[in-house]
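Data block below; observations after.
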Amino acid sequence: MPVFLLVFSLVTPAYSIHVESIESHSEFTCEPIRLRMCQDLPYNTTFMPNLLNHYDQQTAALAMEPFHPMVNLVCSADLRMFLCALYAPVCTVYGHVSMPCRSLCQRAKDECHKLMEIFGVAWPDDMECSRFPDCDEPYPRAEDLLTGSEPTDQSSMTVQRDYGFWCPRELKVDPDLGYTFMGRKDCSAPCPSMFFNQQELTFIRYFIGVVSIVCLSATLFTFLTFLIDVTRFRYPERPIIFYAVCYVMVSLVFFLGFLLEGRVACNPVSPSQFRASTITQGSHNKACTLFFMVLYFFTMAGSVWWVILTITWFLAAVPKWGSEAIEKKALLFHAIAWGLPGALTVTLLALNKIEGDGISGVCFIGLYDIDALRWFVLAPLCVNVAVGVSLLLVGIVALNRVRMEIPLEKENQTKLVKFMIRMGVFSVLYLAPLFTVIGCYIYEHTYRKIWEKTWMENNCRRYHIPCPYKVEETSRPAMVLFLIKYLMMLVVGIPSVFWVGSKKTCFEWGTSTHASSTHLAVLDDLDEPVRTHHGHPSSTRSKASSVHSKASYHGSLRRTRDDRSDTVVYRGTEDRSFHGSNPRLDHPLSTHSSLHQIDSHSRHSSQRDVSEAPPTLITHGTTASDGRAAENEGTSA
């Protein structure tokens, strides 16, 4: 009985009033059927308010709930069609309101009344069969399904209309955010992905994480090699260093996206508002905006730096500019390389084109907006490739002409050939991944609408939205396509390590590492007397520290003529070096005793004996006894 009262409260008692309100309603328009019970009918559009004066389909769905058990148990083959004829009537173009026949109503009522009594559901008064026209025709009629204004034959029974994509309630967002998805405002794509399941997403994410670490290591190695010896990489090859810096930042963003998963690229689930996790759009998410700015800016800057690299090679090969002449244009190169990507980034921020990538966890553009992909990703990359390849080919031809026409020494000839090979290999290693990325973007641009249509076909019933009509081609993106795209977006930064990779680089790293460890050891030795000595500082102790530092860095030690410092500082032959003349300076006891002895001499006015004696330098490869012999010879002379 309470169920009947609920149903009765949601409907109006007079059927004639229903029809009048429908025909006079100013917002009488067709809309796709979203009622779960009325899917897969010969028609897929209805109008609101319906024949029972429900002004939206959500209210109609609540009113239909008491009849679900009878429909599921199929007490009558006509019950479902009769209910849909009332709650979701067919919408006709020419404005005719079609009502079910009395015979259809009577058959459904007679066959289901016993089951309705079992479930405690009464037949509503405004569904009484006497209210419907006395006819015996199927519902909907043939003329109700026509797309024109005049009825035709029975073949029109199966005609449906495609109303495109309707944003489901789960994917709706606040209107002030400015989201757009598949042409619908205030709507966003599901996160983390429309096309891949959780297992595939996990594999792709770990794949991106590993590749980003490899790229970060390679590009960081290139940049640190440059810092070891800044003068080694001059123009025309210095743009490679800035190119590597750009991909340090690109790989770092992808690595952070791997660590954060979808926390930046996706909006959280909101169960209270019946909203699923959706893709972030626009600049309201500060973390996503920051990810986009860094990733897009340095991706475009890396591409521009490669073009500048080809320009510098061209200037060196064709007009024969020297390194100094090219370096004078460095300010212009930096203005172009950082200014153009900066202008594009600011433009995209103003246009609010940022989109989260639920797969990689970063934010970029053109993932769902095809126009943004076309004009702000594909167009700049293609222009840069065209300019760079043209200059590269001209430079290679010019260098080859120099090699063929101008007689050079064999050594210079070999160097020129090696330079051309390095330039060609580096360019191929850069262009091959870049062409692959552009190809992936073009493929995605071409098939995006088909993928979205397939997604609608597979999920329309799940989201209770109109299914697409006459889907001629269905396709789902292959996971390998996205793996290749992300791989090439990161691998394109690795060729920089091949340019700096040489025996000289290994030597510089070895020398730098050895010098760093030696410097740290010396600092430890210098700190030890300060920590252990508790006396007052004196000028003599500072002089001793200076002597200690010089001996550690330059392999030599100044000693007094009477060998006083040697006898004071070093006790016994076990403290002497076995491979040179330098005594062992890292002995804490000897250093400590030396400082105390010098302080003692200072307090007893014996400093003059030390300072008056002319110093003698003991170099590497001379033993202590040889040094004393040399001193004796000098005294005799």
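Read in order, the letters of the sequence shown correspond to residues -16 to -1, 1 to 621 in mature numbering (1 follows the signal peptide of the UniProt record, and there is no 0). Glycine included, every Cβ here is placed at the ideal spot set by N, Cα and C.
DSSP three-state assignment for Thr206, whether helix, strand or coil: Taking the sequence shown and counting its residues from 1, the one referred to as residue 206 is at position 222. Thr206 falls in the helix class under three-state DSSP.
Exposure of Pro255, with buried meaning 16 or more beta-carbon neighbours within 10 Å: The sequence position of residue 255 within the sequence shown is 271, counting from 1. Pro255 comes out exposed.
Between Glu441 and Pro452, what straight-line distance do the alpha-carbon atoms span, to the nearest angstrom? Walking along the sequence shown from the start, residue 441 turns up at place 457. Walking along the sequence shown from the start, residue 452 turns up at place 468. Each residue's alpha carbon lies about 6 Å from the other.
Span separating the alpha-carbon of Ala319 from that of Val371: Taking the first residue of the sequence shown as 1, we reach residue 319 at position 335. Taking the first residue of the sequence shown as 1, we reach residue 371 at position 387. Rounded to the nearest angstrom, the two C-alpha atoms are 18 Å apart.
Where Pro174 sits in the DSSP three-state scheme: To locate residue 174, count along the sequence shown from 1; it is residue 190. Here Pro174 sits in strand by DSSP.
From Phe207, Leu279, Ile225, Thr206, pick the residue whose C-alpha is nearest to that of Ser235; which is it? Position 251 of the sequence shown, counted from the start, is the residue given in the question as residue 235. Ranking Phe207, Leu279, Ile225, Thr206 by Cα distance to Ser235 puts Leu279 first.
Counting pairs of Cβ atoms below 8 Å between the segment 174 to 190 and the segment 455 to 473, do you hit three or more? yes
Within 10 angstroms of the Cβ of Arg222, are there 16 or more other Cβ atoms? Answer buried if so, exposed if not. If you number the sequence shown from 1, residue 222 lands on position 238. Result: buried.
Take His9 and list the residues in its own chain whose beta-carbon comes closer than 8 Å to its own, dropping the five residues that flank it on each side. By 1-based counting over the sequence shown, the position of residue 9 is 25. Residue placement at His9 is flagged as unreliable, the pLDDT there being 37, under the threshold of 50; a coordinate-derived value is accordingly withheld.
Close Cβ partners of Ile17 (< 6 Å) along its chain, the five nearest in sequence each way excluded: Indexing the sequence shown from 1 puts residue 17 at position 33. Once the five neighbours on either side are set aside, the close Cβ partners of Ile17 are Asn28, Thr30, Ala72.
How about Ala249 and Cys272: are their beta carbons less than 9 Å apart? Against the sequence shown, residue 249 aligns to sequence position 265. Against the sequence shown, residue 272 aligns to sequence position 288. Yes. Within cutoff.
Leu19 and His448: beta carbons closer than 9 Å? Within the sequence shown, residue 19 is the residue found at index 35, counting from 1. Within the sequence shown, residue 448 is the residue found at index 464, counting from 1. Yes, they are a contact pair.
Indicate whether the contact test is met: 3 or more Cβ pairs, each with one atom in the segment 333 to 349 and one in the segment 362 to 379, closer than 8 Å. no
Compute the Euclidean distance between the alpha carbons of Gln182 and Pro176, then round it to the nearest angstrom. Reading the sequence shown from its first residue, position 198 is the one you call residue 182. Reading the sequence shown from its first residue, position 192 is the one you call residue 176. So the alpha carbons of these two residues sit roughly 9 Å apart.
Helix, strand or coil, according to DSSP, for Arg259 in the structure here? Position 275 of the sequence shown, counted from the first residue, corresponds to residue 259. The answer is strand: DSSP assigns Arg259 an E or B state.
Cys96, enclosing alpha helix (DSSP H) - first and last residue: Numbered from its first residue, the sequence shown carries residue 96 at position 112. Its alpha helix (DSSP H) spans residues 86 to 103.
Selected residue, minimal CA-CA separation from Lys313, among Leu324, Leu293, Leu332, Ala327: The count along the sequence shown starts at 1 and reaches residue 313 at position 329. Considering only alpha carbons, the answer is Leu293.
May I have the straight-line CA-CA distance separating Lys156 from Ser172, to the nearest angstrom? For the purposes of this step, residue 156 is identified with residue 172 of the sequence shown, where counting begins at 1. For the purposes of this step, residue 172 is identified with residue 188 of the sequence shown, where counting begins at 1. Straight-line Cα distance between these residues: approximately 7 Å.
Looking at the secondary structure, which residues open and close the alpha helix (DSSP H) in which Cys14 lies? Here residue 14 corresponds to residue number 30 of the sequence shown, with the count starting at 1. It is not in any alpha helix (DSSP H) - Cys14 instead sits in the beta strand (DSSP E) that spans 14 to 16.
Status (buried if at least 16 other CB within 10 Å, exposed otherwise) for Cys490: The residue labelled residue 490 in the question sits at position 506 within the sequence shown. Under this definition Cys490 is an exposed residue.
Beta-ladder partner(s) of Lys156, from DSSP: Along the sequence shown, read from residue 1 onward, the residue named residue 156 stands at position 172. Answer is Cys171.
Per DSSP, cross-strand counterpart(s) of Cys347: As a first step, residue 347 is located in the sequence shown; it is residue number 363 there, counting from the start. Per DSSP, Gly340.
So what's Asn269 in DSSP terms, helix, strand or just coil? Working through the sequence shown from its first residue, we reach residue 269 at position 285. Three-state result, Asn269: coil.
Leaving out the 5 sequence neighbours to the left and right, which residues in its chain are closer than 7 Å to Glu11 when beta-carbon positions are compared? One-based indexing of the sequence shown puts residue 11 at position 27. Caution is warranted here: a pLDDT of 40 is assigned to Glu11, below 50, making its placement in the model unreliable, and the coordinate value is therefore given only provisionally. Cβ neighbours of Glu11 beyond the five flanking positions: none.
What distance in whole Å lies between the Cβ atoms of Phe242 and Ile192, which are believed to be in contact at a cut-off of 8 Å? Taking the first residue of the sequence shown as position 1, residue 192 is located at position 208. Taking the first residue of the sequence shown as position 1, residue 242 is located at position 258. Confirmed, about 6 Å.
Distance, Ser480 Cα to Ile224 Cα: Counting from one through the sequence shown, the residue named residue 224 turns up at place 240. Counting from one through the sequence shown, the residue named residue 480 turns up at place 496. Rounded to the nearest whole angstrom, the C-alpha separation of Ile224 and Ser480 is 6 Å.
Taking Cβ to Cβ, would you say Ala327 is nearer than 9 Å to Val288? Start at 1 with the first residue of the sequence shown, and residue 327 comes out as number 343. Start at 1 with the first residue of the sequence shown, and residue 288 comes out as number 304. Not in contact: Ala327 and Val288 (Cβ atoms no closer than 9 Å).
Do you know how far the Cα of Asn251 is from the Cα of Val55? Along the sequence shown, read from residue 1 onward, the residue named residue 55 stands at position 71. Along the sequence shown, read from residue 1 onward, the residue named residue 251 stands at position 267. The alpha-carbon atoms of Val55 and Asn251 are separated by roughly 38 Å.
Three-state class that DSSP yields for Phe276 in the structure shown: Mapped onto the sequence shown, residue 276 falls at position 292. Phe276 falls in the helix class under three-state DSSP.
Rounded to the nearest angstrom, what separates His268 and Trp359 at their Cα positions? Along the sequence shown, read from residue 1 onward, the residue named residue 268 stands at position 284. Along the sequence shown, read from residue 1 onward, the residue named residue 359 stands at position 375. Answer to the nearest angstrom: the Cα atoms are 23 Å apart.
What does the alpha-carbon distance come out to for the pair Lys93 and Glu154? Taking the first residue of the sequence shown as 1, we reach residue 93 at position 109. Taking the first residue of the sequence shown as 1, we reach residue 154 at position 170. Near 36 Å, if we compare the C-alpha coordinates of Glu154 and Lys93.
Would you kindly work out how many angstroms separate the C-alpha atoms of Ser411 and Leu418, rounded to a whole number? The sequence position of residue 411 within the sequence shown is 427, counting from 1. The sequence position of residue 418 within the sequence shown is 434, counting from 1. Near 10 Å, if we compare the C-alpha coordinates of Leu418 and Ser411.
Would you check if the distance between the CB atom of Leu88 and the CB atom of Asp62 is smaller than 9 Å? Walking along the sequence shown from the start, residue 88 turns up at place 104. Walking along the sequence shown from the start, residue 62 turns up at place 78. Between Leu88 and Asp62, the CB-CB gap stays under 9 Å.
Output the distance between the C-alpha atoms of Leu316 and Tyr227, rounded to the nearest integer angstrom. In the sequence shown, the residue the question calls residue 316 occupies position 332. In the sequence shown, the residue the question calls residue 227 occupies position 243. Each residue's Cα considered, the two are about 16 Å apart.
Short Cβ contact (9 Å threshold) for Asp170 with Cys151: Here residue 170 is taken as the residue at index 186 of the sequence shown, counted from 1. Here residue 151 is taken as the residue at index 167 of the sequence shown, counted from 1. In contact: Asp170 and Cys151 (Cβ atoms closer than 9 Å).
Starting from the Cα of Gly323, find the closest Cα among Asp353, Ala356, Ala285 and give me that residue. Looking up residue 323 in the sequence shown gives position 339. The closest CA to that of Gly323, considering only Asp353, Ala356, Ala285, is found on Ala285.
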